[in-house]
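In the numbering used here, the protein residues as written are 2 to 303. Cβ coordinates follow ideal geometry from the N, Cα and C atoms, glycine included.
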């Protein structure tokens with residue numbers, strides 16, 4: 002649950018939480034739980050796992066303790082973790098052909114201010130105004146990560162594209178005209194929307210904008226997953242979806258390792274998890290027609 006919260010509320014990646022099948026669980030564990038995310042190519046990414054190891058490893062490695070009655074007993078153990086694949090998942094979920102798109106809550110730079118100038122006088126004016134904007138934002142939000150681009154060896158367009166590639170959520174453009182008007186151009190990375198905002202309103206505008214970007218990235222990924230999640234009633238339909246559409250498929254399965262292996266061999270799709278969300282309506286296995294207690298989540302995975 003901690004991993005799910007972090008993925009969804011901070012990385013803006015919707016996940017499905019569930020129990021691994023016997024074939025997919027960690028060897029020697031009593032149970033393995035995972036969070037499964039869908040990437041932009043429709044493939045699944047196992048983004049984190051936790052394992053209930055029971056006493057199996059404690060017995061194998063003789064890990065025990067003295068209880069309150071001074072009796073030796075084997076400990077109960079667990080194992081859990083995420084890895085650098087979560088960073089890969091973040092990149093594959095949100096980014097586009099121009100580079101990274103980083104959710105504001107985890108962005109190392111949340112706002113970049115780019116002064117635009119043609120001479121030394123304009124350089125001083127735009128830099129001072131950029132500092133004003135930065136100070137105004139810091140008064141509104143404590144510890145906001147702000148960067149002023151002070152480079153003077155690049156064209157404005159090159160600076161803009163650099164920060165687009167870096168995935169900075171909000172870019173603020175400040176030119177000589179903006180200084181005169183006491184305003185700035187605010188640009189969103191996620192949808193490329195531009196807005197002219199006065200200095201008086203810019204702090205409140207950017208605070209709200211960062212929240213909207215965070216929400217939009219999650220909702221966009223969720224909408225994509227929902228659009229590319231289907232249900233298969235038969236094995237024929239299942240194979241057609243895998244071949245033509247991809248994505249996530251919910252389907253009934255009889256619980257046997259043999260049928261799970263057959264599906265994997267013939268389609269490359271695996272059971273990602275048995276979802277913890279309520280999908281417990283009974284049915285018939287799409288392959289054998291035998292009774293099934295709940296639907297499993299299938300996908301081709303990384």
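Does DSSP classify residue i as helix, strand or coil?
i           : result
residue 233 : coil
residue 85  : coil
residue 167 : helix
residue 269 : coil
residue 247 : coil
residue 53  : strand
residue 62  : coil
residue 90  : helix
residue 38  : strand
residue 283 : coil
residue 195 : strand
residue 18  : strand
residue 224 : helix
residue 177 : helix
residue 239 : helix
residue 292 : strand
residue 298 : strand
Whose C-beta lies closer than 7 Å to the C-beta of residue i among residues of the same chain, with five residues either side of it excluded?
i           : result
residue 142 : 208
residue 165 : 99, 100 and 190
residue 1   : Residue 1 falls outside the range modelled here, since the chain spans only 2 to 303, and no answer is possible.
Go through its chain and collect everything with a Cβ distance to residue i's Cβ below 6 Å, but skip five positions before and after it.
i           : result
residue 292 : none
residue 160 : 115 and 150
residue 175 : 116, 127, 130, 131 and 185
residue 123 : 177
residue 43  : 229, 247 and 248
residue 87  : 48
Determine the direct distance from the alpha carbon of residue j to that of residue i, and round the result to whole angstroms.
i           : j           : result
residue 260 : residue 270 : 12 Å
residue 37  : residue 18  : 6 Å
residue 90  : residue 283 : 33 Å
residue 204 : residue 146 : 13 Å
residue 286 : residue 254 : 4 Å
residue 11  : residue 104 : 7 Å
residue 188 : residue 277 : 40 Å
residue 84  : residue 48  : 8 Å
residue 32  : residue 272 : 15 Å
residue 299 : residue 14  : 19 Å
residue 95  : residue 219 : 9 Å
residue 111 : residue 6   : 21 Å
residue 252 : residue 26  : 19 Å
residue 197 : residue 181 : 13 Å
residue 76  : residue 59  : 6 Å
residue 35  : residue 289 : 27 Å
residue 256 : residue 65  : 34 Å
residue 53  : residue 73  : 21 Å
residue 79  : residue 23  : 17 Å
residue 222 : residue 97  : 13 Å
residue 264 : residue 231 : 17 Å
residue 206 : residue 137 : 12 Å
residue 144 : residue 217 : 23 Å
residue 239 : residue 274 : 17 Å
residue 152 : residue 121 : 13 Å
residue 279 : residue 4   : 20 Å
residue 57  : residue 70  : 23 Å
residue 244 : residue 20  : 26 Å
residue 62  : residue 55  : 13 Å
residue 171 : residue 294 : 48 Å
residue 262 : residue 268 : 10 Å
residue 157 : residue 30  : 56 Å
residue 67  : residue 16  : 40 Å
Sort out for me which residues DSSP pairs residue i with in a bridge.
i           : result
residue 48  : Paired residue(s): none; residue 48 is not in a bridge.
residue 172 : 113 and 188
residue 74  : 66
residue 275 : 20
residue 30  : According to DSSP, residue 30 bridges with nothing at all.
residue 97  : 100
residue 253 : 296
residue 204 : In DSSP, residue 204 forms no bridge with anything.
Cutting at 8 Å between CB atoms, please list the residues of its own chain near residue i, excluding the five before and the five after it.
i           : result
residue 193 : none
residue 40  : 46, 90, 93, 94 and 303
residue 140 : 204
Hey, is residue i close to the ligand NAD, as in C-beta under 6 Å from one of its heavy atoms?
i          : result
residue 61 : Absence of the ligand NAD is noted for the structure shown, with no ligands found whatsoever.
- Message: Extract the residue ranges of the beta strand (DSSP E) inside the region 118 to 162, only unbroken runs of 3 or more that lie entirely within it.
- Response: If only uninterrupted beta strand (DSSP E) runs of at least 3 residues are considered, those enclosed by the region 118 to 162 are 147 to 149.
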